Amino acid sequence: MLAPEPGGTLEPPIVPAAADADAWHRFRHARGFVFDMDGVLYLGNEPLPGVSEILDALAVRGRHVMLATNNSMSTPESYVMKLATMGIDVPPEAILTSALATRDFLVETLPADAGLFVIGMPALREQLFAGTTFRPIQFDEEPPAAVVLGLDVGFTYDKLKQAAAAIRGGARFIATNTDATLPTETGLVPGAGSIVAAVATAAGQTPLVIGKPETPLLVQCLHRMGVAAGEAVMIGDRLDTDIVAGHRTGMLTVLVLTGVSTREELLHAPIRPDLVVSDLLTLSAALGADD
Numbered sequence: 209m210l211a212p213e214p215g216g217t218l219e220p221p222i223v224p225a226a227a228d229a230d231a232w233h234r235f236r237h238a239r240g241f242v243f244d245m246d247g248v249l250y251l252g253n254e255p256l257p258g259v260s261e262i263l264d265a266l267a268v269r270g271r272h273v274m275l276a277t278n279n280s281m282s283t284p285e286s287y288v289m290k291l292a293t294m295g296i297d298v299p300p301e302a303i304l305t306s307a308l309a310t311r312d313f314l315v316e317t318l319p320a321d322a323g324l325f326v327i328g329m330p331a332l333r334e335q336l337f338a339g340t341t342f343r344p345i346q347f348d349e350e351p352p353a354a355v356v357l358g359l360d361v362g363f364t365y366d367k368l369k370q371a372a373a374a375i376r377g378g379a380r381f382i383a384t385n386t387d388a389t390l391p392t393e394t395g396l397v398p399g400a401g402s403i404v405a406a407v408a409t410a411a412g413q414t415p416l417v418i419g420k421p422e423t424p425l426l427v428q429c430l431h432r433m434g435v436a437a438g439e440a441v442m443i444g445d446r447l448d449t450d451i452v453a454g455h456r457t458g459m460l461t462v463l464v465l466t467g468v469s470t471r472e473e474l475l476h477a478p479i480r481p482d483l484v485v486s487d488l489l490t491l492s493a494a495l496g497a498d499d
């Protein structure tokens, strides 16, 4: 099978052909692959072209795969069920949410019985406290060791006031992600980043961010796969989160044009992915180019 043309499937190529040739070589010989989900594997409830082909090709070759998402509102188990309805079979241990990555970070950095003041949806709380001895506390019970923020559709002024006061009082300020908006069937809605920005302004402090474009989420994916960053690939649809995080982590980056970022945006963006493809079919073809 022939390798894709330099520059992915775009004409003209976005990056020089020589750079593409080296990037495709690294892609074909990578040991670990991290995929964003929405906009890469599926849109809404519909699988995108090439999903089964690339996952099957990686499995046959014994490559490691993780699915990584900034979403703190769903558990790996709920993603397994969602993916199964699309014919995509992935075990829960291959899915890392920003909530789980936050939990693992806190386990490494806080006392085992630390109290957490959490602003977020039930799935965030479930993932933070499952398998740990952390304690969920209210602001008026005791000073929390950390304030953890995710998307909370019931966010109120009282929660803002309490979170800011706790952070000013010495609690660590942790954000699962800083996505400003979320795409829905009816358009964009405020994301966790909107809440994080409000608390940061009120507290006068900057949070430690776990999700993309920061590195902790991807670093944990690498750890779970047992793969070094130089042997891994980040595949995403957003320049400002997926590609930036991949670059910061030291991974090869692939932008798939089936989601948020467009060819037009790429032509004028300062962020440069290593490879650009129209869909995952191009990647499965490239993986088999040396067969």
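First residue of the sequence shown: 209, per my numbering; consecutive thereafter. All C-beta atoms in this analysis are idealised placements derived from N, C-alpha and C, irrespective of residue type, glycine included. From a predicted model like this one, the values you see are computed outputs, not experimental measurements.
State yes or no: is the C-beta of residue i within less than 7 Å of the C-beta of residue j?
| i | j | result |
| --- | --- | --- |
| Ile345 | Thr384 | no |
| Leu177 | Val441 | Any question about residue 177 goes unanswered here, given that the chain covers just 209 to 499. |
| Ala309 | Leu425 | yes |
| Ala372 | Ala411 | yes |
| Phe325 | Phe342 | no |
| Pro398 | Ala374 | no |
| Asp387 | Gly377 | no |
| Gly258 | Asp487 | yes |
| Ala302 | Ser492 | no |
| Arg446 | Val464 | no |
| Leu483 | Ala231 | yes |
| Lys290 | Ile327 | no |
| Pro176 | Glu285 | This structure cannot settle anything about residue 176, because the visible part of the chain is limited to 209 through 499. |
| Val462 | Ile443 | yes |
Can you check which of these residues, the options, is closest to residue i by C-alpha distance?
| i | options | result |
| --- | --- | --- |
| Ala322 | Tyr287, Met329 and Phe313 | Phe313 |
| Glu334 | Leu489, Ser486, Ser282 and His233 | Ser282 |
| Pro481 | Ile451, Pro257, Ala292 and Met294 | Ile451 |
| Thr305 | Leu318, Tyr287, Val315 and Leu475 | Tyr287 |
| Val485 | Pro284, Arg471 and Gly328 | Arg471 |
| Asp448 | Ile479, Glu439, Gln428 and Thr466 | Ile479 |
| Gly240 | Gly438, Gly362 and His455 | Gly438 |
| Ser280 | Arg236, His431 and Val361 | Val361 |
| Asp297 | Thr340, Pro255, Phe337 and Ala338 | Pro255 |
| Ala338 | Arg311, Leu318, Glu350 and Glu349 | Arg311 |
| Arg271 | Arg432, Ala408 and Leu489 | Arg432 |
| Met329 | Ala267, Lys369, Ile403 and Glu350 | Ile403 |
| Gly454 | His233, Glu349 and Lys420 | Lys420 |
| Val315 | Ile382, Tyr365, Glu350 and Arg269 | Ile382 |
| Arg236 | Arg269, Glu261 and Leu251 | Arg269 |
Taking buried to mean at least 16 other C-beta atoms within 10 Å of its own C-beta, is residue i buried or exposed?
| i | result |
| --- | --- |
| Thr457 | buried |
| Glu422 | buried |
| Met201 | With the chain covering 209 to 499 only, the question about residue 201 has no answer from this structure. |
| Gly380 | Per the sequence shown, the amino acid found at residue 380 is Arg instead of Gly. So Arg380 ends up on the buried side. |
| Asn253 | exposed |
| Thr389 | exposed |
| Met209 | Below a pLDDT of 50, predicted positions are generally treated as unreliable, and Met209, at 28, falls in that range; the measurement from the model is reported next regardless. Classification of Met209: exposed, given that the 10 Å Cβ count is below 16. |
| Ala292 | exposed |
| Pro214 | Note that Pro214 scores 33 on pLDDT, short of 50, meaning its location in the model is unreliable; the coordinates nonetheless yield the value given after this. Pro214 comes out buried. |
| Asp228 | buried |
| Ala238 | buried |
| Ala320 | exposed |
| Leu336 | buried |
| Phe363 | buried |
| Thr466 | buried |
| Gly395 | exposed |
| Ala225 | Since pLDDT at Ala225 reaches only 43, below the 50 mark, its modelled position is unreliable, and the value read off the structure follows with that caveat. Exposed, since its Cβ has fewer than 16 Cβ neighbours within 10 Å. |
| Asp499 | In this predicted model, Asp499 has a pLDDT of only 49, less than 50, meaning its place in the structure is not dependable; the value taken from the coordinates is given anyway. Asp499 is exposed by the Cβ-count criterion. |
| Ala408 | buried |
| Leu206 | Nothing in the structure corresponds to residue 206, since the chain is present only between 209 and 499. |
| Thr490 | buried |
| Lys369 | exposed |
| Ala494 | buried |
| Ala267 | exposed |
| Leu263 | buried |
| Leu430 | buried |
query = Which parts of the segment 413-442 are runs of the alpha helix (DSSP H), unbroken and 4 residues or longer, counting only runs that do not cross its ends?
reply = The segment 413-442 contains these whole alpha helix (DSSP H) runs: 424-433.
key: Whole runs of the alpha helix (DSSP H) within the segment 252-283, excluding any shorter than 4 residues   = Given a length threshold of 4 residues, each whole run of the alpha helix (DSSP H) inside the segment 252-283 is given here in chain order: 259-268.
ask   = For the segment 352-370 against the segment 406-420, are there 3 or more C-beta pairs whose distance is under 8 Å?
value = The segment 352-370, when compared against the segment 406-420, does touch it at the 8 Å Cβ threshold.
query = Does the pairing of the segment 263-282 with the segment 228-246 give three or more beta-carbon distances under 8 Å?
reply = The segment 228-246 and the segment 263-282 touch, with three or more beta-carbon pairs separated by less than 8 Å.
ask   = Which ranges does the alpha helix (DSSP H) cover as unbroken runs of at least 4 residues, wholly within the segment 313-400, from first to last along the chain?
value = Inside the segment 313-400, DSSP marks whole alpha helix (DSSP H) runs of 4 or more residues at positions 330-337 and 365-376, from first to last along the chain.
ask   = Going along the chain, which unbroken runs of the beta strand (DSSP E) with 3 or more residues stay wholly within the segment 454-497?
value = Correct list: 460-464 and 483-485.
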